[in-house]
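Its first residue numbered 10, the sequence shown is counted upward by one per residue in this note's numbering.
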Amino acid sequence: MGDATPRKLNILPDHFTLPTPTTEDSPSPSSSNPIDDNLSLRSLSQSSTRRKLKRAALMLNLFTLRRLPWVSDGQDKVELSAAELESLRSELSDLQEREAYLKAQLEHVDEVLRSARLSGYLFIRSRWEALPGEPPPLDDAEVDDWLPRFVVLQGPCLFFYLLSTDLSPQDSTLLADIVEVGSLPSYTREFDETHHCFYILTRQGLRFECSSTSKTQVDSWLSVLRHDCRFEPEERLPN
10 MGDATPRKLN ILPDHFTLPT PTTEDSPSPS SSNPIDDNLS LRSLSQSSTR RKLKRAALML
70 NLFTLRRLPW VSDGQDKVEL SAAELESLRS ELSDLQEREA YLKAQLEHVD EVLRSARLSG
130 YLFIRSRWEA LPGEPPPLDD AEVDDWLPRF VVLQGPCLFF YLLSTDLSPQ DSTLLADIVE
190 VGSLPSYTRE FDETHHCFYI LTRQGLRFEC SSTSKTQVDS WLSVLRHDCR FEPEERLPN
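This is the structure in structure tokens:
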């Protein structure tokens with residue numbers, strides 16, 4: 010056609026259907042060969058497979074750790090230098106020491122719970138009594154220097170630990186050295202918490218002032234200490 014209008018497309022409904030073989034049919038030079046189609050599809054499949062293999066090999070190279078080569082037989086071969094081996098041995102030794110220390114802490118806590126007459130956390134501060142001839146100490150009742158300590162009454166000693174899991178106490182005193190045990194006026198700390206107090210005085214002039222928010226706990230310490238030190242019961246101070 011000479012005009013510029015597009016030509017119409019002829020739609021053949023049965024173009025993609027297989028023709029019924031007849032004796033009058035003859036092969037057409039424009040018909041597709043099934044063997045060629047199979048070869049073309051096989052070539053496309055092989056090309057796609059090769060691309061997938063290359064992509065997989067690239068990903069393996071990216072994710073394979075240095076000095077840990079990936080091998081095709083499914084086994085990972087680990088290569089460690091002498092320095093890396095020594096580092097692993099050092100880490101293993103540290104873990105074994107840590108395990109031994111934690112085990113010792115657990116055994117210590119178990120021993121305290123089984124054999125201690127009384128134990129628990131108290132707020133503690135220490136003061137020294139004035140010796141004969143010395144001026145009285147300054148009034149520092151308002152100084153907030155109370156520190157939490159884990160106090161254990163075990164056997165003939167009173168132990169002061171920083172934590173309940175510590176193996177060694179920070180301080181201790183013999184019950185035989187305690188010359189006086191008594192109550193102290195309560196005080197109020199931050200958040201309006203009332204602390205009930207008592208003191209322990211040793212023959213060396215060292216006085217441990219103890220406090221707790223639990224009045225029952227303070228009463229228990231006073232009762233047990235006075236009993237073990239064979240002191241007479243005291244008259245309770247007003248709160």
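Just so you know, even glycine gets a beta-carbon here, dropped at the ideal spot from N, CA and C.
Between the region 205-220 and the region 175-193, the count of Cβ pairs shorter than 8 Å is three or higher; the stretches touch. Between Phe169 and Ile133, the C-beta spacing is below 8 Å.
Going by DSSP, Thr197 is part of the beta strand (DSSP E) stretching over 187-197. Counting every other CB atom within 10 Å of its CB across the protein chains shown gives Arg98 a total below 16, marking it as exposed. Here Phe200 is exposed: its Cβ has fewer than 16 other Cβ atoms, across all protein chains shown, within 10 Å. Under the three-state reduction of DSSP output, Leu104 falls in the helix class. Within the model, the alpha-carbon separation for Gly164 versus Glu202 is close to 33 Å.
Going by beta carbons, Arg136 and Glu241 fall outside the 8 Å limit. For Val121, the secondary structure class from DSSP, reduced to helix, strand or coil, is helix. Per the DSSP secondary-structure output, Cys166 pairs in a beta bridge with Gln163, Leu183. Residues of the same chain with their beta carbon placed closer than 8 Å to that of Glu100 are lacking, with the five preceding and five following residues left out of the count.
Cβ neighbours of Asp180 within its own chain (closer than 6 Å, five residues either side excluded): Phe169. DSSP places Phe200 within a helical segment (H, G or I) once states are collapsed to three.
Here DSSP, grouped into helix, strand and coil, assigns Ser221 to strand. Classified as buried, Ser221 has 16 or more neighbouring CB atoms from the shown chains inside 10 Å of its CB. Residue state for Ser232 is assigned as helix, using DSSP reduced to three classes.
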